[in-house]
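So the sequence lines, in the order shown, correspond to chains E and D. For what it's worth, my numbering labels the leading residue of the first sequence as 81, then goes sequentially. For what it's worth, my numbering labels the leading residue of the second sequence as 81, then goes sequentially. We put the CB at the ideal spot given by N, CA and C, even for glycine.
There are 2 protein chains.
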Amino acid sequence: MNNLNVSIIGAGLAGSLLAIYLARRGMSVDVYEARGDMRKETVAAGRSINLALSDRGIAALREVGMDEYMLAEAVPMYGRMIHSPSGETKLLPYSGRKGEYINSISRGGLNIALMNEAEKYDNVRFHFDERCVGFDCETGTANFSSGKTVTADTVIATDGAGSAVRNAMLHGGVERFDFSQDWLEHGYKELHIPPGTGGSFLIEKNALHIWPRHKFMMIALPNFDGSFTCTLFLAHQVGNPSSSEGVSSPTDVLGRQDTLPNGRVSAEPAFDQLTDASAVLDFFDREFPDAVPLMPTLVEDFFHNPTGNLGTIKCFPWNAGGKALLLGDSAHAVVPFYGQGMNCAFEDVRVLDSLLSEPPAVASGYNLAPAQRNPTDWEAVFIDYGRLRKPNTDAIADMAEENFYEMRDATADPVFQRKRELETKLEQTYPDYFSKYSMVTFREDLPYATARAKGNAQDALLMKICAETPDSSNIELPDVMALIRKQR
Amino acid sequence: MNNLNVSIIGAGLAGSLLAIYLARRGMSVDVYEARGDMRKETVAAGRSINLALSDRGIAALREVGMDEYMLAEAVPMYGRMIHSPSGETKLLPYSGRKGEYINSISRGGLNIALMNEAEKYDNVRFHFDERCVGFDCETGTANFSSGKTVTADTVIATDGAGSAVRNAMLHGGVERFDFSQDWLEHGYKELHIPPGTGGSFLIEKNALHIWPRHKFMMIALPNFDGSFTCTLFLAHQVGNPSSSEGVSSPTDVLGRQDTLPNGRVSAEPAFDQLTDASAVLDFFDREFPDAVPLMPTLVEDFFHNPTGNLGTIKCFPWNAGGKALLLGDSAHAVVPFYGQGMNCAFEDVRVLDSLLSEPPAVASGYNLAPAQRNPTDWEAVFIDYGRLRKPNTDAIADMAEENFYEMRDATADPVFQRKRELETKLEQTYPDYFSKYSMVTFREDLPYATARAKGNAQDALLMKICAETPDSSNIELPDVMALIRKQR
């Protein structure tokens, strides 16, 4: 594949990892990045500071020998630490088994490591300050704001949720292009807990902290230096008049008879209420009293940091013939509540790479010449990739939205807490028991769609048992496990 | 409201009717149409030749005195005439009551009549060959391909499924703009049955004809001149590799173990198989043998007429502050299978107009100053409009897709046919019985979302009864009606 030239649009996490994978196959790889080189200059991030790296992402790093290097810089998180409004805490482990945990890692540190690794290959070139502003799906020519135009053998767009290549597909480049973008009524804001003296951690180091408050929540992930990055998830607007989530139920067709539910005024807090320091402090003192003393720059951070939006993007097909493929967030941006955005994008890279391998991973009856014999048949590779991957990225997108409601709401619910305790015991007792969370997070051998289907059936069963049995010590594990095995 | 200037983008059915409504309120109205004046030149339509006008559309025409004039040019259709593969026919009436029928009307004739009516007002001006290519959601300035720029008090975009104003909202004009476009794997092609001698109708005049064939179907609507316009609905591609509808169920994450369902080869017919005259004739002779003798230009029409796409577009919010509002297909394009696209757009106009009226049709607790006292508060009007209308346009969009499956599939099913017979008897016996179809089509007083909710509950009950009772003469009407009334 030495004579193949691939353009990658976007040197974020997915694009940088993809460059390594393609370079290892001997392809000539040019990576075009809209921003400057984050290794040389401070680049406005606009993205989360740390991320939860888990098994799907680790598996993709492992294939290029980057897993141990990266985990050495990560902070293991063994469970969710739930903070009640009165400041009590309770740890809900992610798994009852050793070795099943997630890892808080610096986005910037990981991105830089991947770029450095990619640049070890002579056949990889990074081009910074090159923003893709247009793409011709017929000719495969990409246009950059610098005026540069590039036509490679194919283009792989890892240019994120606002992908210029996807916009070209949407607006006439690909016929019958299915597309959706859906925004949550909630936004997010990043805040900060600094390290204690000597780089110590002021709250439990090895946990993902959650302050669940039903209609909103705050979380915190540890950083390697002893600090925590907090994220507040909160509605943008009180009563939310501009969102379709808040749209009224039916009335008379001319609106003459019934009342409009979801009137504009509501008691729920929202970003648009927190307009000055005293409103912010009142809100935090009331809702997160144990966190406030740990956040000396709370008010400054609150007004300095932007309020971000949370959206889900789905589309299909992901390819424009053999000229371009969307991969990662450009194809399927998800909300962050399952901690799988990066892990899913890394799995994308691993799946795509597998299709470039000797006999490609496709079934009989599907007449694709093996890619090694026909390495330039990008369209066939891209179609296979889309068919394999789409049900799984849809599944994680849906689970990520559902997990928002679990995190802000269910983690404070006694039945849910009993269910997590029961699951921990099952995992400690039965090697073949995996919670839905474990299947998604720790089972890189299971596609997301399979994890979702099995996990939903299992969850329904366990919630029923826990709702009916207030004292979980009365639940007979062998009986429960027999029911679960019967579901399979 | 004499000093208000409104720009309408698009002089199609919705835009032309809206111009009349706004002109009656004394507003100054400029209508910008991308194509030429269809009254003076042959304009490439690209849209269906005839449409089913029903009560929601008629109600909107009635308010501007256009209903009787238009119905005089329409052909009443009292039911669905089902054509079996062997050529037998069976009429399924739309209602058991007199006066509940739909009307086949010429799109062009109706559009011309509405433009002529609008032009009777001195305060309405049409501008043809003015294609809107951009819109600034901040300033409200619309740009046209002619180079013209226009800034009115507000813009109402009736520029259809490909709306330029909506694209401006999507790409940065409106924050957190929810948007989706979803394409059916089926396309459509219009065909023709000419009149018989002396303008006679060669098949039943007063019916909507359907040839349901499970995975595809043909329909025919009568024209005033004795001809019929047929539409073939058929998959674009065999096995449909590019659609997400055909995407495989989960496999191993690298695709190594399982087989891909929905392989590329399938026995279903599709447009991509009908590439020459003999393939087209073979297909029609096999599937629609009774229609072929009536279609002397079948092969020419098939290869001359384009194959259209069928998509659903949803978005929200529909307004950019008070600067612009999406209305009709630009806000909610639907598939044609409920015959409600135009009727819904006309209802949009009627609902919007009602909000410009004395005390506006909004509920207590929703602090909007009445529009008459504050006629320039377009943003408040548009927000009310969106909240009232969105649940209903979502409902008709979903019902239109669902009705595709009913028309091509269920109309050939004996249980479904018994259910329609039972419903006809109920409608003949009980003035308060309305089928779901009747609630959608003949009850302009019921919002679409209400019709959908009530209709679905009622359908589930009746299908259960008809499945359990093979001989419908054994069904006791009073017992059934008692069950239905209990549902309310």
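Bridge partners of C212/D, per DSSP? F224/D
Are the beta-carbon atoms of N423/D and R136/D separated by less than 8 angstroms? yes
What are the partner residues of I273/D, as DSSP defines its beta bridges? BP columns for I273/D point to F308/D.
Among all the DSSP beta bridges, which residues are the ones paired with M161/D? L171/D, H289/D
Going by the CB atoms, is the gap between A94/E and L171/E shorter than 8 angstroms? no
Ordered along the chain, which non-local residues of its own chain (more than five positions away) have a Cβ less than 7 angstroms from that of T169/E? M161, I162, H163
Please return the same chain residues whose Cβ sits closer than 6 angstroms to the Cβ of K295/D, not counting the five positions on each side in sequence. E348
Excluding the 5 residues flanking R211/E on each side, which residues of the same chain have their C-beta closer than 7 angstroms to its C-beta? A114, F224, S225
The region 455-471 of chain D / the region 270-280 of chain D touching (three or more Cβ pairs under 8 angstroms): no
Which bits of chain D does F208/E rub up against, with CB to CB less than 9 angstroms? What F208/E touches in chain D: nothing, since even the nearest Cβ is about 24 angstroms away.
Could you list which residues in chain E have their beta carbon closer than 9 angstroms to that of I259/D, in chain order? Checking the sequence, you will find Phe at residue 259/D rather than Ile. The contacting residues are F259, S260, Q261, D262.
Quick check on the DSSP output: the alpha helix (DSSP H) that includes C395/E runs from which residue to which? Premise fails: C395/E lies in the beta strand (DSSP E), 388-396, not in any alpha helix (DSSP H).
Looking only at its chain, what residues have a beta carbon closer than 6 angstroms to the beta carbon of R565/D, apart from the 5 residues adjacent to it on each side? none
Can you tell which of A562/E, L563/E, C546/E has its C-alpha closest to the C-alpha of I555/E? C546/E
Please tell me whether, using a cut-off of 7 angstroms, the distance from the CB of L288/D to the nearest non-hydrogen atom of the ligand SAM is below it. Among the components of this structure there are no ligands whatsoever, and the ligand SAM is therefore not found.
Does the region 245-263 of chain D come within contact of the region 359-376 of chain D, defined as at least 3 CB pairs closer than 8 angstroms? no
7 angstroms Cβ shell around E143/E - same chain, five flanking residues per side excluded: R430
Taking the alpha carbon of F215/E as the point to measure from, which residue in V204/E, F383/E, T234/E has its own alpha carbon closest? Residue nearest to F215/E within the set V204/E, F383/E, T234/E is T234/E (criterion: CA-CA distance).
CB of M157/D within 8 angstroms of CB of I185/D, strictly: Taking 8 angstroms as the Cβ cut-off, M157/D and I185/D do not qualify as a contacting pair.
Does L361/E come out as helix, strand or coil in the three-state DSSP assignment? DSSP places L361/E in helix when its eight states are reduced to three.
Do K544/D and G176/D have their C-beta atoms within less than 8 angstroms of each other? no
By alpha-carbon positions, which one of A411/E, C310/E, S434/E ends up nearest to I283/E? Among A411/E, C310/E, S434/E, the Cα nearest to that of I283/E is on C310/E.
Going along the chain, which residues of its own chain have a beta-carbon closer than 6 angstroms to the beta-carbon of Q261/D, five neighbours each way excluded? G391, I393
Identify which residue in K516/D, W458/D, A460/D, A152/D has its Cα closest to the Cα of F304/D. A152/D
Let me make sure I understand the geometry here. Which of S87/D, A103/D, G189/D, I89/D has the alpha-carbon closest to that of M118/D? G189/D
What's the gap between the Cα of P416/E and the Cα of A99/E? 24 angstroms
Could you tell me if H266/D is buried or exposed, where buried requires 16 or more neighbouring beta carbons within 10 angstroms of its beta carbon? buried
Inter-residue Cα distance where the pair is M195/D and V111/D: 10 angstroms
Taking C-beta to C-beta, are T238/D and G401/D nearer than 8 angstroms? Result no, Cβ atoms of T238/D and G401/D do not sit closer than 8 angstroms.
To the nearest angstrom, report how far apart A562/D and W291/E are at their CA atoms. Cα to Cα, A562/D sits roughly 52 angstroms from W291/E.
Find out if the Cβ-Cβ distance for the pair L301/E, F308/E is shorter than 8 angstroms. Contact: yes.
Go to N191/E, then tell me how far its alpha helix (DSSP H) extends in each direction, as first and last residue. 187-199
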